[in-house]
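Taking it in order: structure first as structure tokens, then the write-up.
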Amino acid sequence: MTRSTSRVAVIARVLRGERPVRQLLACELRGQVVQLLGYGTTDPTWTATPELLAEAIDAGLTRAEREEKDTPAGAPSTAHALVLEADGLDLVGVCQCGRRIGRAPLARSVDGLVGLWQRHTDQADRDAAAWADALTALPNTRPIGAS
């Protein structure tokens, strides 16, 4: 199965699901909505805003990608991998997350780029842990409008 076909299958599976993400809020019914109608009926199986539908499709594709790569569910969604591209007489190192790592001549070993990439991933892991700690340190509050 090709990558585009598998993406289509994941999107179709999300669209045929019980509920894309969550129930709609009353104020969201004032805007545009998408509905899935049941077979031979006009009763909607679910109703969602385009934003909720996009969120559900994104979550479904992320889940399918993690299952394909055997990535644990708690892992960050953007993996870090060193990508090397030939650029004339140099190799350009770029992390899969988009960060430029550096350049190295083709005649030399790529060990220098690997070291820079490892430093980048170590820093990214510390940053992610710091954000997680900061979020858990926030006080629990009730949502606006909750009684």
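Going by the working numbering, the sequence shown opens with residue 4, and the numbers climb by one from there. Ideal placement from N, C-alpha and C gives every residue a C-beta, glycine not left out.
Unbroken alpha helix (DSSP H) stretches of 4 residues or longer found wholly inside the region 36 to 102: 53 to 72, given in chain order.
Apart from the 5 residues on each side of it in sequence, residue 39 sits with its Cβ closer than 7 Å to the Cβ of 18, 47, 48, 49 in its chain, given in chain order. A straight line joining the alpha-carbon of residue 107 with that of residue 121 spans about 16 Å. The C-alpha of residue 123 lies about 52 Å from the C-alpha of residue 42.
In this structure residue 116 is in contact with residue 94, their Cβ atoms being roughly 7 Å apart against a cut-off of 8 Å. Assigned with DSSP and collapsed to three states, residue 106 falls in strand. Taking the Cα of residue 52 as reference, the smallest distance to any Cα among 44, 109, 33 is reached at 33.
Residue 55 holds the alpha-carbon nearest to the alpha-carbon of residue 35 among 55, 84, 16. The criterion of a C-beta distance shorter than 9 Å is not satisfied by residue 85 and residue 14.
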